[in-house]
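Written out below as structure tokens is the structure these notes cover.
2 protein chains.
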Amino acid sequence: MRILKRLVLASRSPRRIALLKQIGLDFTVDPTDLPEDFDSQISPSENAMTLALQKAMNIAEKFQDAIVIGADTIVVLDNALLGKPTDESDALRMLRLLSGRTHTVVTGFALVDCASRRSMTACEETRVTFRTLPDAEISEYIAGGSPMDKAGAYGIQDDYGAVFVTRIEGCFYNVVGFPLSRFYVELNRFQSQ
Amino acid sequence: MRILKRLVLASRSPRRIALLKQIGLDFTVDPTDLPEDFDSQISPSENAMTLALQKAMNIAEKFQDAIVIGADTIVVLDNALLGKPTDESDALRMLRLLSGRTHTVVTGFALVDCASRRSMTACEETRVTFRTLPDAEISEYIAGGSPMDKAGAYGIQDDYGAVFVTRIEGCFYNVVGFPLSRFYVELNRFQSQ
Numbered sequence: 001m002r003i004l005k006r007l008v009l010a011s012r013s014p015r016r017i018a019l020l021k022q023i024g025l026d027f028t029v030d031p032t033d034l035p036e037d038f039d040s041q042i043s044p045s046e047n048a049m050t051l052a053l054q055k056a057m058n059i060a061e062k063f064q065d066a067i068v069i070g071a072d073t074i075v076v077l078d079n080a081l082l083g084k085p086t087d088e089s090d091a092l093r094m095l096r097l098l099s100g101r102t103h104t105v106v107t108g109f110a111l112v113d114c115a116s117r118r119s120m121t122a123c124e125e126t127r128v129t130f131r132t133l134p135d136a137e138i139s140e141y142i143a144g145g146s147p148m149d150k151a152g153a154y155g156i157q158d159d160y161g162a163v164f165v166t167r168i169e170g171c172f173y174n175v176v177g178f179p180l181s182r183f184y185v186e187l188n189r190f191q192s193q
Numbered sequence: 194m195r196i197l198k199r200l201v202l203a204s205r206s207p208r209r210i211a212l213l214k215q216i217g218l219d220f221t222v223d224p225t226d227l228p229e230d231f232d233s234q235i236s237p238s239e240n241a242m243t244l245a246l247q248k249a250m251n252i253a254e255k256f257q258d259a260i261v262i263g264a265d266t267i268v269v270l271d272n273a274l275l276g277k278p279t280d281e282s283d284a285l286r287m288l289r290l291l292s293g294r295t296h297t298v299v300t301g302f303a304l305v306d307c308a309s310r311r312s313m314t315a316c317e318e319t320r321v322t323f324r325t326l327p328d329a330e331i332s333e334y335i336a337g338g339s340p341m342d343k344a345g346a347y348g349i350q351d352d353y354g355a356v357f358v359t360r361i362e363g364c365f366y367n368v369v370g371f372p373l374s375r376f377y378v379e380l381n382r383f384q385s386q
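Sequence order for the protein chains is A and B. Following this note's numbering, the numbering of the first sequence begins with 1 at its first residue and continues without gaps. Following this note's numbering, the numbering of the second sequence begins with 194 at its first residue and continues without gaps.
Structure follows, in structure tokens:
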């Protein structure tokens with residue numbers, strides 16, 4: 001893919017940075033500190049896209065000519081939205097909720113062209129099934145510290161995360177934090193418009 | 194997971210080695226050079242499990258007290274089995290076949306206990322959907338050399354591979370080359386028997 005403008009990623013997530021590098025993109029990282037508040041009046045996917053667009057818009061003000069990428073990932077179980085755990089007992093609560101069940105990972109992303117203020121948003125949903133987890137495995141995982149900065153308190157790319165998940169339906173990289181295949185297609189389209 | 198015996202991996206695949214390390218396992222690598230012949234009289238999953246067991250049995254003869262892990266991955270489209278491409282034009286042929294279609298990745302694995310000669314085999318299947326690929330993207334991917342040592346001529350963890358795949362159904366790590374979650378459960382069970 002030929003990249004026509006400077007790319008700016010409005011996220012400090014090490015997973016998102018690694019994923020965009022994986023597909024060979026060159027970009028600047030300029031994270032926002034917007035609060036990740038959910039609006040219970042709108043759907044999870046609308047929440048994720050709205051937050052992604054807010055983040056991208058926020059950073060777009062700082063650049064004259066660039067494309068800014070915003071993203072937001074939410075974990076949804078039944079009607080509850082799981083964000084990042086507040087502490088270790090919150091992580092334990094979340095992982096017990098996810099044990100033996102299927103949840104949905106929703107990532108919204110947004111592109112903003114700084115010069116024209118043109119924008120787009122899209123959303124990808126992946127269903128993720130956990131096997132029933134013994135409390136001992138959950139506790140060992142939390143003790144390692146990895147769950148604390150992740151929506152739903154797990155990373156599918158982690159040591160424990162990899163063996164918690166028995167199947168997914170949809171895009172794998174969406175569960176890591178960024179839907180690479182969908183993004184690649186949408187960025188191509190956005191550039192050519 | 195407590196590992197009770199020395200583990201030996203009968204595979205030189207760098208993906209399998211990295212995946213087993215990802216879940217914290219300590220093991221010796223001792224690859225076989227058995228020919229990967231398919232038997233058209235039996236199903237892809239039986240082929241994969243049979244080959245995995247043959248590889249593990251072959252290496253098990255060299256150890257007194259260890260558990261040997263064998264594995265074999267096959268890509269199936271319609272009724273055709275796609276192994277590793279023989280050359281670049283074969284990789285082009287395979288990727289054109291996979292473009293815009295859904296195929297199945299079958300990984301069989303086997304465990305052999307060297308002391309008792311006890312063994313088990315299991316198999317995991319994942320459905321993988323490619324978007325329609327422009328020939329230019331396929332050619333750039335092949336020029337990079339990555340497809341040549343991979344069944345079906347792609348790696349879902351590669352730069353191009355990641356953006357070829359729009360969705361999967363099943364275990365992601367199975368597509369990389371080893372079904373971590375299923376393996377973790379089966380190894381636990383095999384050890385405790």
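Glycine residues also receive a C-beta, built at the ideal position from the N, C-alpha and C atoms.
Apart from the five residues just before and just after methionine 287 of chain B, which ones in its own chain have a Cβ nearer than 7 Å to its Cβ?
Leu275, Pro278, Gly345 and Ala346
Taking all protein chains shown into account, decide if isoleucine 216 of chain B is buried (16 or more other Cβ within 10 angstroms of its Cβ) or exposed.
buried
List the residues of chain A whose Cβ lies closer than 9 Å to the Cβ of threonine 383 of chain B, in chain order.
Rather than threonine, the amino acid found at residue 383 of chain B in this sequence is phenylalanine. Against chain A, the beta carbon of phenylalanine 383 of chain B has no neighbour under 9 Å; the closest one sits roughly 15 Å away.
Do you know whose CA, among B:Asp280, B:Pro207 and B:Arg199, lies nearest phenylalanine 220 of chain B's CA?
Among B:Asp280, B:Pro207 and B:Arg199, the Cα nearest to that of phenylalanine 220 of chain B belongs to B:Arg199.
Going straight from the alpha carbon of aspartate 271 of chain B to that of arginine 294 of chain B, what length do you get?
Taking the straight line from one Cα to the other gives about 10 Å.
Identify every run of the beta strand (DSSP E) within the region 323-375 of chain B, keeping only runs that are complete inside it and at least 3 residues long; order them along the chain.
Complete beta strand (DSSP E) runs here, min 3: 358-363.
Grab the span of the alpha helix (DSSP H) containing alanine 225 of chain B for me, first residue to last.
Here the sequence assigns threonine to residue 225 of chain B, which means alanine is not the residue at that position. That residue, threonine 225 of chain B, is in no alpha helix (DSSP H); it is neither H nor E in DSSP.
Output yes or no for whether 8 Å exceeds the beta carbon distance between glycine 337 of chain B and leucine 212 of chain B.
no
Where aspartate 283 of chain B falls: helix, strand or coil (DSSP)
Correct three-state label for aspartate 283 of chain B: helix.
Taking only three categories from DSSP, how would you classify serine 312 of chain B?
If DSSP states are grouped into helix, strand and coil, serine 312 of chain B belongs with the strands.
Helix, strand or coil: which one does DSSP assign to isoleucine 74 of chain A?
strand
Who are the near neighbours of threonine 266 of chain B in its chain, counting only those whose CB is closer than 6 Å to its CB and skipping five residues on each side?
Thr300, Ala344 and Gly370
Quick check: what's the CA-CA separation for leucine 92 of chain A versus proline 147 of chain A?
9 Å
Rounded to whole angstroms, what's the CA-CA distance from leucine 25 of chain A to alanine 264 of chain B? Just pull it up for me.
So the alpha carbons of these two residues sit roughly 34 Å apart.
Indicate whether isoleucine 59 of chain A and alanine 10 of chain A have their beta-carbon atoms separated by less than 8 Å.
yes
Measure the C-alpha to C-alpha separation of alanine 48 of chain A and threonine 121 of chain A and round it to an integer number of angstroms.
Cα-Cα distance, rounded: 10 Å.
At a Cβ threshold of 8 Å, is isoleucine 23 of chain A touching chain B?
Interface residue, yes.
Helix or strand or just coil, what does DSSP make of alanine 10 of chain A?
coil
The alpha helix (DSSP H) spanning alanine 48 of chain A covers which residue range?
44-60
For a contact meaning CB atoms closer than 9 Å, what does phenylalanine 109 of chain A contact in chain B?
What phenylalanine 109 of chain A touches in chain B: nothing, since even the nearest Cβ is about 14 Å away.
Can you give me, in chain order, the residues of the region 341-368 of chain B that have a beta carbon less than 9 Å from any beta carbon in chain A?
Ile349, Gln350, Asp351, Asp352, Tyr353, Ala355, Val356, Phe357, Val358, Thr359, Arg360, Ile361, Glu362, Gly363, Cys364, Phe365, Tyr366 and Val368
Where do the ends of the beta strand (DSSP E) carrying leucine 82 of chain A lie?
80-82
According to DSSP, is isoleucine 23 of chain A part of a helix, a strand, or is it coil?
Assigned with DSSP and collapsed to three states, isoleucine 23 of chain A falls in coil, not helix or strand.
So, at 6 Å on beta carbons, what are the nonlocal neighbours of alanine 56 of chain A in its own chain, with the 5 sequence-adjacent residues on each side left out?
Beyond the five residues adjoining it in sequence on each side, alanine 56 of chain A comes within less than 6 Å, by CB distance, of Ala10, Val68, Gly70, Ala110 and Val112 in the same chain, given in chain order.
Within chain A, the residues that leucine 373 of chain B reaches when beta carbons sit closer than 7 Å:
Ala162 and Val163
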